[in-house]
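Using my numbering, the first residue of the sequence shown is number 2, and each one after it goes up by one.
Each residue gets a CB set at the ideal place from its N, CA and C atoms; glycine is no exception.
Note that the structure is a prediction, hence the values are computed from the model and not measured.
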Amino acid sequence: MNIENQFFEVLCRDYTTVNYVDLVNDIVQPLKIDTAANVSGMANMQTNIKVNYTEVITGYCDRYVAASFKKEFINILGRENLLKALADGRRVVYRYESIPNKAGQHYFEAQVVCINEDNFDGNVIVAFHHIDDIVALEQRYRRELEKIAYLDSLTGLENRAAFTKELLSYAGNERAACVVADVNNLKLCNDRYGHLEGDKIISDAAECMFNAFKNLGKCYRIGGDEFCVLIADADREEIFAALGKLEELVNIKNTHRVMPLSIACGYAVRESSEESMEHLFNRSDEMMYDVKYRMKKEFPVYSQERIKNYLNVLSILSKSTDSYLYLWDIARDENWFFGGIDRDFAIREKGKPMNKTSDMEAIIYPADRKMLHDDLQLIAEGKKQVHNMDYRWMNRNGEPVWISCRGTVINDDKGKPFVMIGMVSPKKGNDFIH
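Here it is, written out as structure tokens:
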């Protein structure tokens, strides 16, 4: 083998087929055909024999090019297109898929290069080489990019882009359902404890949502503090059960949190096959905002955290005073008492709230109830900030005992009555009235 042939072999080593083509006269002359190449099975393709280019390229396309590429293959590598394309440039590169050749290769790149770059005369080299390894690498990179594009890095859940992409795929499910959830007070958490704690509350919420709904549907993080679960086939009972599980998981998380986790959820089950998935999502979203509004109205912003802190302080202080300490949650109308009060009066203690003020009024001496009720009503309406009264409680022996009750109202972040904290002290030298 002379040097020229060796040089040619080296240049063509990575190509399965190399052809000289005269586009003006529509002639192709194969210079190299790998035995594994599909084109080697074509009778008119033998090296150094000139044949019609259009017939060869059309026959190859019909027999070997994948169906989804056939039209594009002919448009790009057809004689007329190459003459136009190469008149404005010096190279045409095209990738396509074929049926696997004898070596199992099925991704190829065609390269068309002008022989005379300075003055295009229609004479070109058309070469083909397999790119399966390149395609495999690109596909791997694409999967990794999709993973980055569709995965939320903080929670490990798929993100809004994935949610948007997959939402319509549920349109064929007549009993599709959607749950939208929003974490309450995230901004407050960020402002008060920093963004690391804010990230932790989002991570905890994601974990709770995922575990509560993992056997029912797919959970996404679709916003900063918002999540969505898409369910292919469900009913309200199954959703109720998952929401109950979510509440349990949130309560477990809150035993170790600085600021309690709170999640507002709304859901909707498809009413008919005619309802769009977008409409289903909107119904869920509207319900979630209704729930969120009610939660904030019934229990002011960060009230759980504040009350927990107050109760911890009262529990500690109760050990250093003979008086009974109390906290009245005005918004929820619940009362906590500390200091062994249950020994003398039928009131729950040790952090256990009474259900209503009306329950507490049951131990008030009948003649004093209206006076106390009216005073507490003014406090609940925000018309008084201090409670300072002497009245009688009934002890466990059924006897009225004079007590002195003092309390101060603490407002919430909106200036409305939040809690009243104070102390109850039995008066010295009580006169028992029978």
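Whether residue i touches residue j by CB criterion (8 Å)
i: His107; j: Asp133; result: yes
i: Ile203; j: Gly218; result: no
i: Phe164; j: His131; result: no
i: Ile223; j: Arg307; result: no
i: Val93; j: Ala104; result: no
i: Asp369; j: Arg393; result: yes
i: Phe339; j: Ile364; result: no
i: Thr18; j: Val40; result: yes
i: Val125; j: Val57; result: no
i: Asp236; j: Gly267; result: no
i: Asp35; j: Tyr54; result: no
i: Ile171; j: Met278; result: Here residue 171 turns out to be Tyr, not Ile, going by the sequence shown. Yes, these two residues count as a Cβ contact at 8 Å.
i: Cys220; j: Leu247; result: no
i: Leu83; j: Leu24; result: yes
i: Ala111; j: Val127; result: yes
i: Lys385; j: Leu379; result: yes
i: Tyr194; j: Val259; result: yes
i: Phe70; j: Tyr97; result: yes
i: Tyr61; j: Lys33; result: no
i: Cys179; j: Leu281; result: yes
i: Lys166; j: Asp205; result: no
Opposing strand residues paired with residue i [DSSP bridges]
i: Cys314; result: Correcting the residue type first, residue 314 is Val in the shown sequence and not Cys. DSSP, once it has assigned bridges, lists no residue as partnering Val314.
i: Glu110; result: Arg96, His130
i: Ile34; result: Thr18
i: Ser405; result: Asp391, Ser426
i: Glu335; result: Asp330
i: Cys115; result: Val125
i: Met372; result: The partner list for Met372 (beta bridge, DSSP) is empty, contrary to what the question assumes.
i: Pro418; result: Asn412
i: Asp23; result: Ile28, Asn124
i: Ile365; result: Trp394
i: Tyr325; result: Val425
Proximity winner among the options, relative to residue i (alpha-carbon distances)
i: His388; options: Asn117, Asp234, Val410, Val29; result: Val410
i: Thr156; options: Asn212, Lys188, Asn120; result: Asn212
i: Gly408; options: Pro401, Gly399, Pro418, Glu400; result: Pro418
i: Gly341; options: Ile317, Asp334, Glu362; result: Ile317
i: Asp334; options: Leu377, Ile404, Ala38; result: Leu377
i: Glu382; options: Cys179, Met395, Met421, Ser405; result: Met421
i: Glu118; options: Val136, Arg91, Ile100, Gln30; result: Arg91
i: Glu362; options: Asn396, Lys188, Lys385; result: Asn396
i: Ala207; options: Ile75, Asn412, Cys229, Ser359; result: Cys229
i: His257; options: Leu169, Lys201, Ala38; result: Lys201
i: Ala67; options: Arg344, Asn102, Val52; result: Asn102
i: Asp226; options: Cys190, Gly416, Asn216, Gly245; result: Cys190
i: Val113; options: Arg284, Lys297, Val29; result: Val29
i: Leu158; options: Phe214, Glu275, Ile404; result: Phe214
i: Thr358; options: Trp329, Arg144, Tyr366; result: Trp329
i: Ile439; options: His196, Cys115, Pro31; result: Nothing in the structure corresponds to residue 439, since the chain is present only between 2 and 435.
i: Ala37; options: Phe129, Met390, Arg284; result: Phe129
>> I'd like to know if the region 322–331 and the region 419–427 are in contact, where contact means that at least 3 CB-CB pairs between them fall below 8 Å.
In response: Put simply, the region 322–331 touches the region 419–427. At least three CB pairs are less than 8 Å apart.
> Three or more beta-carbon pairs under 8 Å between the region 145–152 and the region 225–241, yes or no?
Replying inline: no
>> Assess contact between the region 248–268 and the region 174–193, defined as three or more Cβ pairs (one per stretch) separated by less than 8 Å. Is contact present?
In response: Between the region 248–268 and the region 174–193 there are three or more C-beta pairs closer than 8 Å, enough to call the two in contact.
>> Could you tell me which whole alpha helix (DSSP H) segments of length 4 or greater appear in the region 219–294?
In response: Within the region 219–294, the complete alpha helix (DSSP H) runs of at least 4 residues are 237–255.
>> At 4 residues or longer, what runs of the alpha helix (DSSP H) sit wholly inside the region 144–211?
In response: 161–168, 187–194
> So does the region 166–180 actually touch the region 270–278, counting three or more Cβ pairs closer than 8 Å?
Replying inline: yes
> Which runs of the alpha helix (DSSP H) fall wholly inside the region 45–84 and span at least 4 residues, in chain order?
Replying inline: Complete alpha helix (DSSP H) runs here, min 4: 54–65, 71–78.
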